[in-house]
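Working notes, beginning with the structure itself.
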Amino acid sequence: MPQEKKKTAVRRKVLLVDTSKCIGCRACQMACKEWHETDSENMIETETALVDGYEDPKDLSYKTWIRVQSIETVKDGRPGWLFKPALCLHCTNAACLNVCPQTRCIYKDPKSGNSVVLNDARCIGCLYCVYACPFSIPRYNRKTKTVFKCTRCYDKVGAGEEWLPACVQACPSGALMFGDAEEVSAIANRRVESLKTSGKSEVCTYGERATYLGGLGVVYILESTDAALYDLPPSPYIPASISMWQGFWKPLTYIVPAAILLLWVLHYTVIGPLGVKVVEEPEEEEEIEMTPEEYERMILAKRRAGKAMQAVDKRFIRHRHKLPRKGFPPGKRPVS
Amino acid sequence: MKKPREHEIVEMMFVTGMGERVVRWLYILALIFVALTHIDLLFLQVLLVPEVATGGEKLVLLLHYYGLFVYALALVFIIVKYLPASVVFHSYDLEWLRKLGGYARKYSPVPPAGRYNAGQKINYLATVVLGIFYVLSGLVAQFPERFSADLVRTSYSLHTFLLVAICGLTLIHIYLQYIVTSARRGEIWSGRVPKKFVQLHHSVWFQQALETPVSREEEERRRRERLMVADKERIAKVMAKRKKLEGAQATAEEALEVEVPSTPEVAEGAETPAELEIEEVVEEVSVQEEPQAREGETEELIELATTGEEEIQLEKDEETSESEKPHEEEHPEGEVSQ
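Protein sequences, first through last, are from chains V and C.
Quick note: the first sequence uses my numbering, first residue 1, plus one each step.
Quick note: the second sequence uses my numbering, first residue 337, plus one each step.
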């Protein structure tokens with residue numbers, strides 16, 4: 001029923017990041033760490049010591065899931081900074097989800113609007129997601145050997161409509177917004193148009209279209225059409241090695257053995273075992289009666305001439321209890 | 337009881353020794369371990385090795401990494417064991433390949449083959465090449481931080497492709513060698529295979545190396561001769577060195593002409609050949625001097641021998657041609673030669 005489908009349809013939610021409004025206060029960083037109780041960066045552990053510039057910390061890590069980048073640039077002939085909060089982009093066709101071998105470790109949470117959630121408790125530390133992500137977001141904790149990334153506060157958001165991700169709630173300038181995909185799209189486009197009319201011609205959105213891995217769960221409003229300026233890949237894609245790996249070689253792992261087993265059966269039924277045709281029929285000999293001693297002597301005579309017997313009935317060998325049972329004593333290895 | 341017909345008696349012979357069989361079983365067990373854990377890592381939703389057995393999904397990755405070393409070791413053994421025989425291809429191997437080894441028809445004339453037929457050689461080479469790349473790509477995937485990201489992504493793909501290739505090759509190998517040819521099943525288990533099978537399917541090897549069965553005594557004699565030749569060469573080198581030290585310009589060829597037992601100083605440098613010489617001389621002498629005493633010593637010989645007892649019984653009962661054979665061939669331990 002189409003109506004029933006609509007009721008249970010997942011409403012995709014998008015987190016809008018308006019870099020034109022970001023003032024670089026880093027309240028989002030603080031709020032994320034407060035909410036998730038992740039530690040601050042250690043100067044010794046990470047190389048964020050001797051911070052020069054406005055970036056602190058210098059990179060995402062297993063405990064820093066959102067970070068404000070400050071990119072030095074020239075604004076109206078004067079030096080300035082572009083502030084861009086960097087976090088997981090929660091792609092619709094997420095590479096990390098595709099690649100993770102673990103069950104229920106990386107998955108899409110429908111309650112919070114299809115956030116791509118990485119549950120570190122189930123992580124086995126294979127690092128496939130770290131190398132599959134086109135934006136290099138997941139980070140590895142060497143001590144616990146697990147991987148961490150932003151969860152878009154799926155547990156908080158999933159609890160009710162009034163809850164927002166921690167970073168969104170803390171942002172003072174309204175650069176971060178969270179809501180249904182259609183509403184946020186409309187807001188973003190209106191903002192872009194208003195910016196364009198006020199003179200900034202190079203403003204664009206990043207991540208809205210489906211060409212960006214099916215549409216990103218975090219959409220940026222950038223003040224430049226050059227996405228590389230913001231350390232974002234201009235046209236992100238899942239590399240061929242990853243897509244071939246998951247899409248082609250992985251299914252072959254069960255297709256090829258099944259095909260070979262099928263070929264086994266076909267070959268055995270159609271062609272059969274390797275056979276050599278016996279052209280001459282063995283002559284019909286009259287049956288000769290032999291005593292066990294004669295049989296034994298015949299067998300031993302054959303053996304002595306250098307041939308081994310397979311069909312020896314060992315019940316009729318005298319002193320068979322002294323026959324060697326297994327293995328060869330040293331010096332008695334047969335000639336091969 | 338009825339006398340068995342000639343065609344009902346299947347004569348077997350040894351084709352694989354203990355070392356060969358152990359190496360192959362080690363390889364297949366290592367491969368099974370590594371392949372199952374790899375498939376687990378690809379599809380943890382369908383655990384082939386149960387979670388209980390591996391101690392949890394986190395341990396599967398660790399087991400796969402440990403399995404890499406066992407597999408690499410088995411691969412090294414395989415390379416060392418089979419490389420010399422499998423790299424050389426002859427003209428009859430081409431014929432074997434053209435006829436597809438006789439697997440394509442129900443009854444087909446058997447194409448010639450040496451010790452290993454062309455199919456076995458190709459299987460060996462493919463396994464080795466794929467196995468080496470499997471190990472290398474596995475190492476890159478295990479330590480990705482040391483390599484560039486592009487190399488790591490390529491090696492993920494390559495590693496899975498190689499798993500498919502190696503498993504497919506192994507399945508085909510098992511089928512063609514052990515399911516379709518029932519005669520070969522002894523190769524990996526007991527080591528014994530029907531003689532007629534070897535005669536037909538490895539004809540060149542059979543003609544060259546096996547058609548004339550060599551008795552134990554002959555084999556020992558040939559071994560001792562080989563050792564003596566090797567020792568003679570060694571002695572020649574030692575002599576040449578000594579002559580060089582003394583200042584004389586002696587070549588190794590001149591040194592070879594020197595008789596071994598006649599120079600006592602050489603016996604110091606090479607202990608084994610002189611001892612062997614003495615032993616052989618003593619044996620020959622003792623055997624030549626006492627041919628008739630053999631039958632009187634049956635009781636001592638019964639204690640020494642285990643399988644040779646029946647022979648001694650036979651010697652007592654029948655007149656065999658053994659008395660006509662040269663006495664040097666009789667080994668005092670009177671064992672059954674196969």
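Just so it is clear, CB atoms sit at the ideal spot from N, CA and C, and this is done for glycine as well.
All figures in this text were calculated on a predicted structure; none of them were measured in a lab.
Since residue i meets chain V, which of its residues come closer than 7 Å, beta carbon to beta carbon?
{"i": "residue 441 of chain C", "result": "271"}
{"i": "residue 500 of chain C", "result": "249, 252, 253 and 256"}
{"i": "residue 508 of chain C", "result": "260"}
I'd like to know whether the C-beta atoms of residue i and residue j end up nearer to each other than 8 Å.
{"i": "residue 529 of chain C", "j": "residue 349 of chain C", "result": "yes"}
{"i": "residue 166 of chain V", "j": "residue 32 of chain V", "result": "yes"}
{"i": "residue 497 of chain C", "j": "residue 249 of chain V", "result": "yes"}
{"i": "residue 208 of chain V", "j": "residue 225 of chain V", "result": "no"}
{"i": "residue 148 of chain V", "j": "residue 15 of chain V", "result": "no"}
{"i": "residue 106 of chain V", "j": "residue 96 of chain V", "result": "yes"}
{"i": "residue 19 of chain V", "j": "residue 222 of chain V", "result": "yes"}
{"i": "residue 30 of chain V", "j": "residue 493 of chain C", "result": "no"}
{"i": "residue 260 of chain V", "j": "residue 437 of chain C", "result": "no"}
{"i": "residue 40 of chain V", "j": "residue 54 of chain V", "result": "no"}
{"i": "residue 263 of chain V", "j": "residue 517 of chain C", "result": "no"}
{"i": "residue 158 of chain V", "j": "residue 120 of chain V", "result": "no"}
Alpha helix (DSSP H) containing residue i: first to last residue?
{"i": "residue 115 of chain V", "result": "Unbroken run through residue 115 of chain V is the beta strand (DSSP E), 115-118; no alpha helix (DSSP H)."}
{"i": "residue 206 of chain V", "result": "No alpha helix (DSSP H) holds residue 206 of chain V; the beta strand (DSSP E) holding it covers 204-206."}
{"i": "residue 463 of chain C", "result": "454-478"}
{"i": "residue 428 of chain C", "result": "427-434"}
{"i": "residue 211 of chain V", "result": "First-last for residue 211 of chain V: undefined, no H or E at that position."}
{"i": "residue 37 of chain V", "result": "It is not in any alpha helix (DSSP H) - residue 37 of chain V carries neither H nor E in the DSSP assignment."}
{"i": "residue 495 of chain C", "result": "485-510"}
Considering only DSSP beta bridges, list what residue i is partnered with.
{"i": "residue 80 of chain V", "result": "V:73"}
{"i": "residue 189 of chain V", "result": "Looking at the DSSP assignment, residue 189 of chain V forms no beta bridge with any residue, so it has no partner."}
{"i": "residue 275 of chain V", "result": "C:443"}
{"i": "residue 140 of chain V", "result": "V:147"}
{"i": "residue 86 of chain V", "result": "V:67"}
{"i": "residue 289 of chain V", "result": "C:338"}
By the criterion of Cβ-Cβ separation under 9 Å, what are the contact partners of residue i in chain V?
{"i": "residue 517 of chain C", "result": "273 and 274"}
{"i": "residue 428 of chain C", "result": "Within chain V, no residue comes near residue 428 of chain C; the closest Cβ sits about 18 Å away, beyond 9 Å."}
For residue i, which residues in chain V fall below 8 Å Cβ to Cβ?
{"i": "residue 356 of chain C", "result": "Correct list: empty, because the minimum Cβ distance to chain V is about 10 Å."}
Go ahead and pull the three-state DSSP assignment for residue i.
{"i": "residue 68 of chain V", "result": "strand"}
{"i": "residue 92 of chain V", "result": "coil"}
{"i": "residue 220 of chain V", "result": "strand"}
{"i": "residue 42 of chain V", "result": "coil"}
{"i": "residue 659 of chain C", "result": "Residue confidence is low: residue 659 of chain C scores 45 on pLDDT, short of 50, so the model does not pin down where it sits. Its coordinate-derived value is still stated next. DSSP places residue 659 of chain C in helix when its eight states are reduced to three."}
{"i": "residue 231 of chain V", "result": "coil"}
{"i": "residue 18 of chain V", "result": "strand"}
{"i": "residue 109 of chain V", "result": "strand"}
{"i": "residue 347 of chain C", "result": "strand"}
{"i": "residue 449 of chain C", "result": "coil"}
{"i": "residue 367 of chain V", "result": "The shown model of chain V, from 1 to 336, leaves out residue 367 of chain V, and the question about it has no answer."}
{"i": "residue 605 of chain C", "result": "With a pLDDT of only 45 at residue 605 of chain C, under 50, the local geometry of the prediction cannot be trusted, and the value read off the model is given with reservation. Helix."}
{"i": "residue 323 of chain C", "result": "Residue 323 of chain C falls outside the range modelled here, since chain C spans only 337 to 674, and no answer is possible."}
{"i": "residue 646 of chain C", "result": "Annotation note: pLDDT 48 at residue 646 of chain C (below 50); position unreliable, coordinate value reported separately. Residue 646 of chain C: helix per DSSP, three-state reduction."}
{"i": "residue 296 of chain V", "result": "helix"}
{"i": "residue 239 of chain V", "result": "coil"}
{"i": "residue 599 of chain C", "result": "With a pLDDT of 46 at residue 599 of chain C, under the threshold of 50, the modelled position of this residue cannot be trusted, and the question is left open."}
{"i": "residue 101 of chain V", "result": "coil"}
{"i": "residue 159 of chain V", "result": "coil"}
{"i": "residue 610 of chain C", "result": "Low confidence applies here, because residue 610 of chain C scores a pLDDT of 43, under 50, leaving its location unreliable; read the following figure in that light. Residue state, collapsed to three classes: helix."}
{"i": "residue 577 of chain C", "result": "helix"}
{"i": "residue 338 of chain C", "result": "strand"}
{"i": "residue 569 of chain C", "result": "helix"}
{"i": "residue 641 of chain C", "result": "With a pLDDT of 42 at residue 641 of chain C, under the threshold of 50, the predicted position of this residue should be treated as unreliable, though the coordinate-derived value follows. Residue 641 of chain C: coil per DSSP, three-state reduction."}
{"i": "residue 200 of chain V", "result": "coil"}
{"i": "residue 13 of chain V", "result": "strand"}
{"i": "residue 420 of chain C", "result": "helix"}
{"i": "residue 551 of chain C", "result": "coil"}
{"i": "residue 62 of chain V", "result": "coil"}
{"i": "residue 226 of chain V", "result": "coil"}
List the residues of chain C whose Cβ lies closer than 7 Å to the Cβ of residue i, in chain order.
{"i": "residue 250 of chain V", "result": "378 and 496"}
{"i": "residue 92 of chain V", "result": "Simply none; closest approach about 21 Å."}
{"i": "residue 65 of chain V", "result": "Ordered by position in chain C, no residue passes the 7 Å Cβ test against residue 65 of chain V, which lies about 21 Å from the chain."}
Identify the contact partners of residue i in chain C, using a Cβ-Cβ distance below 8 Å as the criterion.
{"i": "residue 131 of chain V", "result": "480, 485, 488, 489 and 492"}
{"i": "residue 128 of chain V", "result": "492"}
{"i": "residue 20 of chain V", "result": "Neighbours of residue 20 of chain V on chain C: none; closest Cβ ~32 Å, over 8 Å."}
Hey, could you find the ends of the beta strand (DSSP E) residue i is sitting in?
{"i": "residue 529 of chain C", "result": "528-530"}
Cβ closer than 9 Å: which chain C residues qualify as neighbours of residue i?
{"i": "residue 144 of chain V", "result": "Within chain C, no residue comes near residue 144 of chain V; the closest Cβ sits about 11 Å away, beyond 9 Å."}
Would you mind telling me which residues of chain D sit closer than 7 Å to residue i, beta carbon to beta carbon, in chain order?
{"i": "residue 375 of chain C", "result": "In the structure shown, chain D does not exist; the protein chains are V and C."}
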